[in-house]
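All residue numbers for the sequence shown refer to UniProt numbering, where the first residue is 1 and numbers rise by one.
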Amino acid sequence: MSEYILVSTTDRYRTVTNNPNLELVAAYEYYFFGKKKTLFEVCKIVGDDARIIIQGVSEKFADNSIPLKVFPKFDSTAQIEKEIYELDIDKDSKIVKTA
């Protein structure tokens, strides 16, 4: 059975998904009042020894390397998609699938 994780990137930090132990499955942009707030990326776990790197963008901090075991895991992309689309609640918020 495959496992998936959900990571996000904002204007404050960037989550690096270019990793041999992760396979990008889908990407979604979240807009609030017409402004892009977050990029959500759904990744399939290919190898359990992967670490996720978080880098500062607007805030300067050292790269943070986090083991996969601390991220919630999902059995299907449908579960993750349901979570993402919960943000699309009114005319001022919008989710756009980009990949």
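Glycine included, every Cβ here is placed at the ideal spot set by N, Cα and C.
Between the alpha carbons of residue i and residue j, how many angstroms are there, rounded?
| i | j | result |
| --- | --- | --- |
| L87 | D49 | 31 Å |
| F61 | T9 | 15 Å |
| I66 | V7 | 12 Å |
| F71 | K91 | 31 Å |
| L24 | S93 | 24 Å |
| R12 | R51 | 20 Å |
| T38 | P20 | 24 Å |
| T98 | A26 | 7 Å |
| F33 | E81 | 21 Å |
| V42 | E59 | 24 Å |
| K69 | I89 | 31 Å |
For the beta strand (DSSP E) containing residue i, name the first residue and the last one.
| i | result |
| --- | --- |
| V41 | Checking the sequence shown, residue 41 turns out to be Glu, not Val. Start and end: 35-45. |
| residue 170 | Examination of residue 170 is not possible in this model, given that the chain is present from 1 through 99 alone. |
| S65 | 64-67 |
| A99 | Looking at the DSSP string, A99 is not in any beta strand (DSSP E), and its letter there is neither H nor E. |
| S8 | 4-9 |
Residue range of the alpha helix (DSSP H) that residue i falls in?
| i | result |
| --- | --- |
| T77 | 77-85 |
Report all residues from its chain with a CB closer than 8 Å to the CB of residue i; omit the five preceding and five following residues, and keep chain order.
| i | result |
| --- | --- |
| K73 | E3, Y4, I5, I45 |
By Cβ distance, which residues of its chain are closer than 6 Å to residue i, with the 5 residues on each side in sequence left out?
| i | result |
| --- | --- |
| V96 | E29 |
| K36 | E29 |
| A31 | Per the sequence shown, residue 31 should be read as Tyr rather than Ala. If we look at Y31 and ignore the five residues flanking it on each side, its Cβ neighbours are K94. |
| D63 | I53, Q55 |
Using a Cβ-Cβ cut-off of 7 Å (strictly less than) and excluding sequence neighbours within five positions of residue i, which residues of its own chain qualify?
| i | result |
| --- | --- |
| I84 | Y28, F40, I95 |
| T77 | Y4, V25, A26, V42 |
Stretch-stretch touch, CB-based, cutoff 8 Å, three pairs: the stretch 44-63 with the stretch 7-22: yes
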